[in-house]
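Asker: Going down the list, the protein sequences come from chains Y and U. Quick note: the first sequence uses our numbering, first residue 680, plus one each step. Quick note: the second sequence uses our numbering, first residue 131, plus one each step. Every residue, glycine too, gets a C-beta built ideally from N, C-alpha and C. As the structure is a computational prediction, the values presented were derived from the model and not from experiment.
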Amino acid sequence: GAGVSQSPSNKVTEKGKDVELRCDPISGHTALYWYRQSLGQGLEFLIYFQGNSAPDKSGLPSDRFSAERTGGSVSTLTIQRTQQEDSAVYLCASSLFRNTEAFFGQGTRLTVV
Amino acid sequence: KNEVEQSPQNLTAQEGEFITINCSYSVGISALHWLQQHPGGGIVSLFMLSSGKKKHGRLIATINIQEKHSSLHITASHPRDSAVYICAVSYNTDKLIFGTGTRLQVFP
């Protein structure tokens, strides 16, 4: 596709359920990033992929959060046993190589009720 | 203390005014990014720079490596420029560290 695509755009889930968020980066982009923006807060880094490997996952807030990337393309961020504090907009970005211009998706707004 | 400080936090302007948003960071960086976030959340990359100055249309970004400071200027501002402008830096790692953003409102 022409840009970074994220799905779903909105997700409402009950506390304790697992959710999967998907990111389709721009074709050919080797670097992929997940960020989170909580209500009224700034953006925070979650995890970075180079190809299929994740050299930096230092931003994942707990072991309930995991992510994978397959085929050097699509990435899935999984949150297990969701909590209300997980409510946020989850943004994915990709770039051609590391430390080059980043292109952001529209985000997935997650609401845990 | 946030590693990336932006000022002002909020800015209002009349259409046509020249606007400056400032960003300071604490240690040496590999690159600095200026991002624009419109209501609804979409983020657009405006500039990525590591030295000097870049210009795109009515937008100008400058960076002073020695002073660890960058500015984003908007000339002849327009209501459609109303958005949150975010400064972000990358160090030798690959992740971006974000400032808290500057909310700009331009009135006709």
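Assuming I190 of chain U contacts K198 of chain U under a Cβ cut-off of 8 Å, what Cβ separation, rounded to an integer in Å, is found between them?
Answerer: That pair is no contact at about 19 Å.
Asker: Tell me, which residues are paired with Q166 of chain U by DSSP?
Answerer: Q166 of chain U pairs with U:V174 and U:Y215.
Asker: Compare the C-alpha of R748 of chain Y against each of Y:T790, Y:W713, Y:V698 and Y:K696 and name the closest.
Answerer: Per the Cα distances, Y:W713.
Asker: Drop a sphere of 10 angstroms on the beta-carbon of V134 of chain U, count the other beta-carbons inside from all chains shown, and report buried for 16 or more, exposed for fewer.
Answerer: Classification for V134 of chain U: buried.
Asker: Cβ closer than 8 Å: which chain U residues qualify as neighbours of F783 of chain Y?
Answerer: Chain U residues near F783 of chain Y: L165, G172, I173, V174 and S175.
Asker: If you draw a straight line from the C-alpha of S154 of chain U to the C-alpha of T142 of chain U, how long is it?
Answerer: So the alpha carbons of these two residues sit roughly 21 Å apart.
Asker: To which residues of the same chain is I705 of chain Y closer than 7 Å at the C-beta, ignoring the five residues directly before and after it?
Answerer: Around I705 of chain Y: G682, V683, S773 and F782.
Asker: Less than 7 Å between the C-beta atoms of L226 of chain U and W164 of chain U, yes or no?
Answerer: Result no, Cβ atoms of L226 of chain U and W164 of chain U do not sit closer than 7 Å.
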